[in-house]
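Novice:
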Amino acid sequence: MDLKKAHAPVNTVTYNKNKVEEPTGNVYEAITIIAKRANQINGEIKKELIEKLEEFATYNDSLEEIFENKEQIEVSKFYEKLPKPHALAVEEWLDGNVTYKETK
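Numbers in this note's numbering are just positions in the sequence shown, counted from 1, shifted up by 1270.
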């Protein structure tokens, strides 16, 4: 997932209920699928963030010394400004980019 290309809103947006439930015919099923996708996106973002922050990690035995790493701060700020995982999941759902299986 390319987070730089995501155009999901950062603020709260009201969506048309009919558009959300259209693919499944059931709003609750659609929300469940979106929630599961949001959890997947959150895991991907978290993993990516941890990998990037570990590049800048310095390991000291001394608790007295605390270093501020500007690159680490910039990476953290970038991830803080990203849209939330649920907004990204809703965007993918409305664009038709989420695949799911019906279980009956």
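Think of the CB as a built atom: it goes at the ideal place given N, C-alpha and C, for glycine as much as any other residue. Please read all numbers here as calculations on a predicted model, not as lab measurements.
For Leu1352, which three-state DSSP category applies?
Specialist: Indexing the sequence shown from 1 puts residue 1352 at position 82. Coil at Leu1352, not helix or strand.
Novice: Give the straight-line distance between the Cα atoms of Ala1308 and Ile1315, rounded to the nearest whole angstrom.
Specialist: For the purposes of this step, residue 1308 is taken as the residue at position 38 of the sequence shown. For the purposes of this step, residue 1315 is taken as the residue at position 45 of the sequence shown. Rounded to whole angstroms, Ala1308 to Ile1315 spans 10 Å at the Cα level.
Novice: Leaving out five residues on either side along the sequence, give the residues of the same chain with a beta carbon under 6 Å from the beta carbon of Val1419.
Specialist: For residue 1419 there is no data in the structure shown, the boundaries of the chain being 1271 and 1374.
Novice: Using a threshold of 9 Å, state whether the C-beta atoms of His1356 and Ile1304 are closer than that.
Specialist: Within the sequence shown, numbered from 1, the residue matching residue 1356 stands at position 86. Within the sequence shown, numbered from 1, the residue matching residue 1304 stands at position 34. Result yes, Cβ atoms of His1356 and Ile1304 sit closer than 9 Å.
Novice: Can you check which of these residues, Glu1325, Leu1319, Tyr1370, is closest to Leu1273 by C-alpha distance?
Specialist: Stepping through the sequence shown from its first residue, residue 1273 is reached at position 3. Nearest of Glu1325, Leu1319, Tyr1370 to Leu1273, Cα basis: Leu1319.
Novice: What would DSSP say about Lys1306, mapped onto helix, strand or coil?
Specialist: Position 36 of the sequence shown holds residue 1306. Reduced to three states, the DSSP call for Lys1306 is helix.
Novice: Helix, strand or coil: which one does DSSP assign to Asp1365?
Specialist: Along the sequence shown, one-based indexing puts residue 1365 at 95. Of the three classes helix, strand and coil, the one that applies to Asp1365 here is helix, per DSSP.
Novice: Comparing alpha-carbon positions, which option in Gln1342, Thr1294, Tyr1349 lies nearest Glu1325?
Specialist: The sequence position of residue 1325 within the sequence shown is 55, counting from 1. Answer by Cα proximity: Gln1342.
Novice: Within 10 angstroms of its Cβ, does Val1360 collect 16 or more other Cβ (buried), or is it exposed?
Specialist: Stepping through the sequence shown from its first residue, residue 1360 is reached at position 90. Answer is buried; the Cβ neighbour count reaches 16.
Novice: Measure from the alpha carbon of Glu1282 to the alpha carbon of each residue in Asn1312, Val1345, Leu1358, Glu1299, then state which is nearest.
Specialist: Position 12 of the sequence shown, counted from the first residue, corresponds to residue 1282. A small correction: the amino acid at residue 1282 is Thr; Glu does not occupy that position in the sequence shown. When each option's Cα is compared against that of Thr1282, the closest is Leu1358.
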